[in-house]
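Student: Sharing a structure with you now.
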Amino acid sequence: MRPDEAELLAALSMGSLGEALGMDGEERLERRRVWSGMLSALKTGDYRGAMEAAEALAASRDEALEFLRWAESWYRDLLVCGLRQDAEGVVNLDTLAELQQQAAEMAVEPILAAATNAFGAARKIQRNLNRRMVLEQFLFGVVRSH
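FYI, the numbering for the sequence shown is 1 to 146, going by this note's numbering.
And the structure:
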């Protein structure tokens, strides 16, 4: 494994060796790229895009939860990039340029709200609420505040 891959894996697993060993690196990176593109493509007022994304994500409970955990880390990283203006503490290092660009374009309040809403949405799915409706609600919040 290359040093940059090891650093990314360590960041993604939040330093947990057990979590890092259980990760399928390439598959997880590909899903994260898709999710990053999905969130980046959502623009203010794009409710149709939000509904389509929610439909795609809602097919699997595990994937929906993984997406929301990732989204929470994504918005956390946007806060870090926006407030610190450097990469120190960023988890999604492989998307640093995109994070820095989005952080420069967004205000702190919508980013913080999205991170909080991602956490809340994951809790709702864990309580077996309708995944698609929960994901739509989360993504509608994203397109309202972009």
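Even glycine gets a Cβ: it sits at the ideal position worked out from N, Cα and C.
In this text, all values refer to a predicted model and were calculated from it rather than measured experimentally.
Looking only at its chain, what residues have a beta carbon closer than 6 Å to the beta carbon of Pro110, apart from the 5 residues adjacent to it on each side?
Tutor: Stepping through the sequence shown from its first residue, residue 110 is reached at position 110. The residues are Ser145.
Student: What did DSSP end up calling Asn92 once you bin it into helix, strand or coil?
Tutor: In the sequence shown, the residue the question calls residue 92 occupies position 92. If DSSP states are grouped into helix, strand and coil, Asn92 belongs with coil.
Student: What is the rounded straight-line gap between the Cα of Ala41 and the Cα of Leu83?
Tutor: In the sequence shown, counting from the first residue as 1, residue 41 sits at position 41. In the sequence shown, counting from the first residue as 1, residue 83 sits at position 83. Cα to Cα, the separation comes out at about 23 Å.
Student: Measure the alpha-carbon distance for Thr44 versus Phe140 and round it to whole angstroms.
Tutor: As a position in the sequence shown, residue 44 is number 44, starting the count at 1. As a position in the sequence shown, residue 140 is number 140, starting the count at 1. Straight-line Cα distance between these residues: approximately 9 Å.
Student: Pairs of beta-carbons, one from the stretch 30-38 and one from the stretch 119-129, closer than 8 Å: are there three or more?
Tutor: Too few Cβ pairs lie closer than 8 Å, so no.
Student: Return the CA-CA distance between Ala91 and Arg76, expressed in angstroms with no decimal places.
Tutor: Within the sequence shown, numbered from 1, the residue matching residue 91 stands at position 91. Within the sequence shown, numbered from 1, the residue matching residue 76 stands at position 76. For the record, residue 91 in the displayed sequence is Val; it is not Ala. Distance between the alpha carbons of Val91 and Arg76 is about 9 Å.
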